[in-house]
Amino acid sequence: MSTVFIPSRMDGPRQQECVCSYRNSYKKNIYVDMLRDGYHKSFTELFSLMEQWDAVRDPARFGSLFLQRPLEEQRDKLDHFYHYLTRAEVAERKEYFEDVYNNLYALACYFNNSEDRWVRNHFFERCFKIAQLIKMDGGKKEAEAHGNMGLLFEEDGQLLEAAEHYEVFHQLTHGRMWKDETGRFLNLLACESLLRTYRLLSDKMLENKKYKQAIRILIKAAEIAKEGNDRKMEGEASYYLGLAHLAAGEYETALTVLNTYSKISTELDDDLSLGRAYEAIAKVLQSQGEMTEAIKYLKKVVKIARNNFQNLDVVRASTMLGDIYNEKGYYNKASEYFQQAFDTTAELTNIPLMDETKVHYGIAKAHQMMQTVKNYIESADLTSLDYLLSWKESRSNIAPDPITGVLTRSYWDQIHFRFSFLLLLFEDIAAQPINLRRAFQNCFLQIAHHL
1 MSTVFIPSRM
11 DGPRQQECVC
21 SYRNSYKKNI
31 YVDMLRDGYH
41 KSFTELFSLM
51 EQWDAVRDPA
61 RFGSLFLQRP
71 LEEQRDKLDH
81 FYHYLTRAEV
91 AERKEYFEDV
101 YNNLYALACY
111 FNNSEDRWVR
121 NHFFERCFKI
131 AQLIKMDGGK
141 KEAEAHGNMG
151 LLFEEDGQLL
161 EAAEHYEVFH
171 QLTHGRMWKD
181 ETGRFLNLLA
191 CESLLRTYRL
201 LSDKMLENKK
211 YKQAIRILIK
221 AAEIAKEGND
231 RKMEGEASYY
241 LGLAHLAAGE
251 YETALTVLNT
261 YSKISTELDD
271 DLSLGRAYEA
281 IAKVLQSQGE
291 MTEAIKYLKK
301 VVKIARNNFQ
311 NLDVVRASTM
321 LGDIYNEKGY
331 YNKASEYFQQ
341 AFDTTAELTN
351 IPLMDETKVH
361 YGIAKAHQMM
371 QTVKNYIESA
381 DLTSLDYLLS
391 WKESRSNIAP
401 DPITGVLTRS
411 YWDQIHFRFS
421 FLLLLFEDIA
431 AQPINLRRAF
441 QNCFLQIAHH
451 L
């Protein structure tokens, strides 16, 4: 029988094969080579993975997964399966469990992409089981395996299970100088993973108004952050703990914790974190009714955000300032900050946010105009009437408020003048936007009440 050379599978099966190898698919040749060379466990695992692939792919016949090339058509992936599965099997026979782990971990890393994540997860789970058998490395492989399992559960949204694995990961790496393949300390990685999961858990608790539970878990996170000896991570933990105290209505405690965050941010010369700290502090002060202090902090936020080209932060802080000034009745200031927010959203070309700030700006302008119109009507003189009639025709910005002096008209003349003009304005108020209609209607009611 004639023979031909076939491409090598990394350093896998033999180079010389009979021509019948071309009659089978590449996948079937892999199967044959595994069985012929005695790698029965590798064959069983690969065959099972292929069945899982078909089971996952078939229901997605009209989805993106179905459009991916079948696994058996991707020769490089099949070569990796052959290479690492057979090496792992040889190592397992000799009870070299660390080598088994390394080969399975190499496969997990190779398949660490969005379309093959289920394959990666399979090998992470295999690594986790093998890691329990490794006794000579002080628990490093077991720690890594817990970290990988935590990631697997976190991505799947199973946060409690993820936290359990990350906690063991953290315990096993405590006091150790172990590093991963990129040179990062495993203990720092464990701290970051655990803090991230605790924060996600606390978010759910806060949504369900379980404030005490959220605060308890975030205090635990803050303690772990201190242990990690990373000031930025410590500051982040303080930030989320402060927000939890704010949500619970514990304003003094929230201020104390958030001030810690602002100090850490100042030490690190981290402007963006400092701006975030000031914004959170402003929210606490606003909740306490300390509007003047809140305004000071928000102005700092706007300045920091502008200096660092953080337009979304500018919009958020400017809107908060506009809300405060609007509530206090300082409509000119409110309009100024709402316009600033609106102009910034226009630069961002963020249509939904632009529409939202436009409404805020429109309401503030309506309040501003309402006050001016009210003053003109109350002055009850011909000059004021001219201003109002001119504004009614043009609908442009109304002239500044008049300086109201001593009224010379009689009481009944003033009543007649005011009601006449109210009726004149009311003729076409229905044609105005809803926010302006409401503002002017409120104005009319207020004036009528005082007549």
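Anchor point for the sequence shown: position 430 equals 430 in the UniProt record's numbering, and the numbering is continuous, going up by one each time. Using N, Cα and C, we set each Cβ at its ideal position, and we do this for glycine too.
Between which two residues does the alpha helix (DSSP H) carrying serine 114 extend?
Here residue 114 refers to the residue found at position 114 when the sequence shown is read from its first residue. Counted as a single uninterrupted DSSP element, the stretch harbouring serine 114 is not any alpha helix (DSSP H), since DSSP gives it neither H nor E.
Can you list, in chain order, the residues of its chain with a C-beta nearer than 7 Å to that of glutamine 371? Leave out the 5 residues immediately preceding and following it.
In the sequence shown, residue 371 corresponds to position 371, counting from 1. For glutamine 371, where only same-chain residues beyond five positions count, the Cβ hits under 7 Å are Tyr331.
Under the three-state DSSP convention, the category lysine 179 falls into:
Translated into the one-based positions of the sequence shown, residue 179 becomes position 179. Assigned with DSSP and collapsed to three states, lysine 179 falls in strand.
Would you call lysine 129 buried or exposed, if buried means 16 or more other Cβ atoms sit within 10 Å of its Cβ?
Within the sequence shown, the letter at position 129 stands for residue 129. If you draw a 10 Å sphere on the C-beta of lysine 129, you find fewer than 16 other C-beta atoms in it, and that means exposed.
I need the boundaries of the alpha helix (DSSP H) containing glutamine 339, first residue and last residue.
On the sequence shown, position 339 is the one that residue 339 refers to. Following the DSSP letters along the chain, one finds glutamine 339 inside the alpha helix (DSSP H) bounded by residues 331-348.
Is it the case that the segment 178-190 contacts the segment 208-216, given that we only count it when at least three CB pairs across the two stretches are under 8 Å?
With the cut-off at 8 Å, the segment 208-216 and the segment 178-190 do not touch.
Can you give the Cα-Cα distance for glutamate 51 and asparagine 112, rounded to whole angstroms?
Along the sequence shown, one-based indexing puts residue 51 at 51. Along the sequence shown, one-based indexing puts residue 112 at 112. Between the alpha carbons of glutamate 51 and asparagine 112 lies a distance of about 20 Å.
DSSP three-state call for phenylalanine 309: helix, strand or coil?
Position 309 of the sequence shown holds residue 309. Here phenylalanine 309 sits in coil by DSSP.
Chain C beta carbons: is any one of them nearer than 9 Å to that of alanine 366?
Included in the structure is just one protein chain, with no chain C present.
Between Ala237, Ser384, Ala55, which lies nearest to tyrosine 198 when the distance is taken from Cα to Cα?
Mapped onto the sequence shown, residue 198 falls at position 198. Of Ala237, Ser384, Ala55, the residue nearest in Cα terms is Ala237.
Which residue from Ala163, Cys191, Arg196, Thr260 puts its Cα closest to that of alanine 176?
In the sequence shown, residue 176 corresponds to position 176, counting from 1. Note on residue identity: the sequence assigns arginine, not alanine, to residue 176. Residue Cys191 is the option with its Cα nearest to arginine 176.
Could you check how far apart the C-beta atoms of alanine 280 and methionine 320 are, in whole angstroms? I think they sit under 8 Å.
One-based indexing of the sequence shown puts residue 280 at position 280. One-based indexing of the sequence shown puts residue 320 at position 320. Actually they are not in contact, since the Cβ atoms of alanine 280 and methionine 320 sit about 11 Å apart, beyond 8 Å.
Between glutamate 167 and the rest of its own chain, which residues show a CB-CB distance below 8 Å, the 5 nearest in sequence each way excluded?
To locate residue 167, count along the sequence shown from 1; it is residue 167. A distance below 8 Å between beta-carbons, with the five flanking residues on each side excluded, links glutamate 167 to the following residues of its chain, in chain order: Leu194.
Determine the direct distance from the alpha carbon of glutamate 207 to that of histidine 360, and round the result to whole angstroms.
Here residue 360 corresponds to residue number 360 of the sequence shown, with the count starting at 1. Here residue 207 corresponds to residue number 207 of the sequence shown, with the count starting at 1. If I take the Cα positions, the gap works out to 26 Å.
Measuring alpha carbon to alpha carbon, tell me which of Arg316, Leu241, Phe309 ends up nearest serine 202.
For the purposes of this step, residue 202 is identified with residue 202 of the sequence shown, where counting begins at 1. Per the Cα distances, Leu241.
Just mark arginine 87 as buried or exposed, buried being the case when its beta carbon has 16 or more other beta carbons within 10 Å.
The count along the sequence shown starts at 1 and reaches residue 87 at position 87. That one is buried.
For a quick check, are the C-beta atoms of threonine 349 and threonine 357 less than 9 Å apart?
If you number the sequence shown from 1, residue 349 lands on position 349. If you number the sequence shown from 1, residue 357 lands on position 357. Not in contact: threonine 349 and threonine 357 (Cβ atoms no closer than 9 Å).
Assuming leucine 104 contacts phenylalanine 123 under a Cβ cut-off of 8 Å, what Cβ separation, rounded to an integer in Å, is found between them?
To locate residue 104, count along the sequence shown from 1; it is residue 104. To locate residue 123, count along the sequence shown from 1; it is residue 123. So it is a contact: roughly 5 Å between Cβ atoms.
Burial state of serine 25 (16 or more Cβ within 10 Å)
Within the sequence shown, the letter at position 25 stands for residue 25. The residue in question, serine 25, is exposed, as its Cβ has fewer than 16 Cβ neighbours within 10 Å.
Pull the bridge partners of lysine 123 from the DSSP assignment, please.
Here the question's residue 123 lines up with position 123 in the sequence shown. The sequence shown places phenylalanine at residue 123, not lysine. Paired residues: none, contrary to the question.
Verify whether the separation of the beta carbon atoms of valine 373 and leucine 385 is less than 9 Å.
One-based indexing of the sequence shown puts residue 373 at position 373. One-based indexing of the sequence shown puts residue 385 at position 385. No, Cβ-Cβ distance for valine 373 and leucine 385 is not below 9 Å.
Could you check if phenylalanine 62 is buried or exposed, using at least 16 other CB atoms within 10 Å of its CB as the buried criterion?
Against the sequence shown, residue 62 aligns to sequence position 62. Confidence at phenylalanine 62 is low in this model, with a pLDDT of 44, below 50, so the placement of that residue should be treated as unreliable; the coordinate-derived value is given next. With fewer than 16 other Cβ atoms inside 10 Å of its own Cβ, phenylalanine 62 counts as exposed.
Below 8 Å, is the gap between the Cβ of threonine 344 and the nearest heavy atom of the ligand NAD?
For the ligand NAD, the structure offers nothing, since it holds no ligand at all.
Endpoints, alpha helix (DSSP H) assigned at residue 457:
Residue 457 is absent from the structure shown; the chain starts at 1 and stops at 451.
Counted within 10 angstroms of its Cβ, other Cβ atoms place glycine 138 as buried (16 or more) or exposed
Here residue 138 refers to the residue found at position 138 when the sequence shown is read from its first residue. It is exposed - the Cβ of glycine 138 has fewer than 16 other Cβ atoms within 10 Å.
Could you pull out every residue in the same chain whose Cβ sits closer than 7 Å to the Cβ of lysine 365, ignoring the five residues on either side in sequence?
Taking the first residue of the sequence shown as 1, we reach residue 365 at position 365. Answer for lysine 365: Ser335, listed in chain order.
Same chain, Cβ closer than 8 Å to asparagine 307, five either side skipped, listed in chain order:
Counting from one through the sequence shown, the residue named residue 307 turns up at place 307. Once the five neighbours on either side are set aside, the close Cβ partners of asparagine 307 are Asp271.
Given leucine 188, which residues of its chain have a CB within under 7 Å of its CB, disregarding the five upstream and five downstream residues?
Stepping through the sequence shown from its first residue, residue 188 is reached at position 188. So the list reads Gly228, Asp230, once near-sequence residues are dropped.
Using only alpha-carbon positions, find the residue among Val284, Leu298, Asp355, Leu268 that is nearest to methionine 233.
Position 233 of the sequence shown holds residue 233. Nearest of Val284, Leu298, Asp355, Leu268 to methionine 233, Cα basis: Leu268.
Candidates Lys226, Ala244, Gly235, Trp178, of which the one nearest lysine 210 by Cα
The count along the sequence shown starts at 1 and reaches residue 210 at position 210. Just measuring C-alpha positions, the residue of Lys226, Ala244, Gly235, Trp178 sitting nearest lysine 210 is Ala244.
Of the choices Gly289, Tyr101, Glu290, Leu353, whose alpha-carbon is the least far from that of aspartate 313?
Locating residue 313 in the sequence shown gives position 313, where the first residue counts as 1. With distances taken between CA atoms, aspartate 313 lies nearest to Leu353 out of Gly289, Tyr101, Glu290, Leu353.
Rounded to a whole number of angstroms, what is the C-alpha to C-alpha distance between aspartate 298 and leucine 285?
As a working mapping, residue 298 is identified with position 298 in the sequence shown. As a working mapping, residue 285 is identified with position 285 in the sequence shown. Residue identity check: residue 298 is leucine in the sequence provided, not aspartate. The straight-line gap from Cα to Cα measures roughly 11 Å.
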